[in-house]
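According to the working numbering, the sequence shown is numbered sequentially starting from 730. Notes for the one structure printed next.
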Amino acid sequence: MGIGIVGCAGRMGKRLVTLGSETEGCHLSGGTVRPGSEASGRDIGELAGVSRLGVPAGESAAELFRASDVVIDFTTPEAASENAQLAAEHTTALVVGTTGLADKQKSDLEEAGRKVPVVYAPNMSLGVNLLSLMVERVAAALDEDFDIEVLEMHHRHKVDAPSGTALALGEAAARGRGIDLEPHAQRVRDGHTGPRKRGDIGFATLRGGDVVGEHSVIFATTGERLEFAHKSGDRDIFARGAIKAALWTKGKGAGFYSMRDVLGL
Ligand code: NAD
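Dropping the structure here:
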């Protein structure tokens, strides 16, 4: 299977190139960098810090889609929504791990999912997808006497907050409780906030150092507290998940899929 990597010079892009080049059943059909980037034309293997792969980094996403069976995107929300249109145009499957998507950008992915298989997941790791399943079940078993709080920490370079994973965990909790997240989400607290509103789902964000990603979901009531946590020590868990998702799209019909579909959870 020919796998193309958009944003191949990014933190995730480099790991995708490295692991993609080692995975049986696939070959790298190409990689792109941001137009005008100094990495343009350089070998994607050398950019990733592995051996030379004989594949130069390009600037044309359209060419990459034409040359690939599936494209993996860990870039920016703007690029992800442009890539969704290209995926539909070139009938190429798409796997998106980019976070911070606005509603319109997410619906661009859903739209592409009417024509080709699109897998979208703000977290591609097995552990976080299991955590989300557990959170949904626990939230379904507990009532509003339990306050739900989602805490996350990431490295200092992360640009969106709360993390896509934290929001997805909040959504899982809301689904379990049978409510919509948006009207119940308390994304920021500052100053004289008054007491906690019953039924809210709170978020707290920490940023610092090189933390790859840590998430906790806390269910707290009077006298007891349940805490579920996941800690990522290595970006490869996301890259491996994305490659697994890319291979999974083979032979699949059009659709908007999640990692739960890929992992059979
Ligand atoms: P990064 O900034 O290191 O990499 C992004 C790369 O995309 C950069 O090299 C940038 O130049 C490139 N890029 C941007 N626009 C482009 C375009 N139009 N064409 C080609 N390249 C383009 O960031 P990162 O840490 O690799 O994370 C990227 C995204 O993935 C973020 O949204 C992050 O939150 C998300 N992420 C998701 C998961 C997951 O499991 N779903 C895991 C880690 C990171």
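Think of the CB as a built atom: it goes at the ideal place given N, C-alpha and C, for glycine as much as any other residue. Predicted model only: the values in this text are computed from it and were never measured.
Residue j beta carbon less than 8 Å from that of residue i
i      : j      : result
ASP802 : THR827 : yes
GLU878 : SER892 : no
ALA777 : LYS743 : yes
GLU956 : GLY905 : no
LEU898 : LEU860 : yes
ASN858 : VAL735 : no
ALA903 : THR934 : no
GLY829 : VAL917 : no
THR752 : ILE972 : yes
ILE947 : ARG936 : no
MET730 : LYS979 : yes
THR750 : GLY774 : Sequence check: residue 750 is Ser here, not Thr. Taking 8 Å as the Cβ cut-off, SER750 and GLY774 qualify as a contacting pair.
ASP939 : HIS884 : yes
ALA983 : ARG843 : yes
VAL848 : VAL991 : yes
GLY928 : GLN915 : no
THR707 : ASN852 : Residue 707 is absent from the structure shown; the chain starts at 730 and stops at 994.
Opening and closing residue of the beta strand (DSSP E) in which residue i lies
i      : result
VAL857 : Taken as a continuous stretch (DSSP letters only), VAL857 belongs to no beta strand (DSSP E), being part of the alpha helix (DSSP H) at 855-870.
PHE948 : 942-950
VAL824 : 822-825
ALA958 : 953-961
ALA933 : 930-936
MET882 : 876-883
ILE732 : 731-735
Enclosing alpha helix (DSSP H) for residue i [first to last residue]
i      : result
ILE966 : 965-977
PRO891 : Careful: PRO891 lies outside any alpha helix (DSSP H) and carries neither H nor E.
ASP837 : 832-841
ASP990 : 988-992
PRO806 : 806-819
Expected contact under 8 Å - CB spacing of residue i and residue j to nearest Å
i      : j      : result
ALA975 : VAL824 : 5 Å
MET988 : ALA822 : Not quite, the Cβ-Cβ distance comes to about 15 Å (not below 8 Å), so this is no contact.
THR761 : ALA790 : 6 Å
GLY970 : LEU855 : 7 Å
ALA949 : ASP876 : 5 Å
ASP733 : VAL800 : Per the sequence presented here, residue 733 reads as Gly, with Asp not at that position. Yes, they are in contact, since the Cβ atoms of GLY733 and VAL800 sit about 4 Å apart, within 8 Å.
Spatial distance of residue i from residue j (CA atoms)
i      : j      : result
GLU788 : ARG781 : 19 Å
HIS959 : GLY942 : 8 Å
GLU807 : GLY923 : 37 Å
THR951 : LEU910 : 23 Å
VAL784 : PRO846 : 26 Å
SER766 : ASP772 : 13 Å
SER961 : LEU994 : 20 Å
GLU839 : ALA809 : 12 Å
LEU815 : TYR986 : 18 Å
ILE908 : ALA868 : 11 Å
LEU862 : SER945 : 14 Å
ASP837 : ALA768 : 28 Å
LEU896 : THR820 : 30 Å
HIS886 : VAL779 : 24 Å
*Hey, which unbroken runs of the beta strand (DSSP E) at 3 residues or more fall wholly within the region 752-791?*
Restricting attention to beta strand (DSSP E) runs no shorter than 3 residues, the region 752-791 encloses them at 756-761, ordered along the chain.
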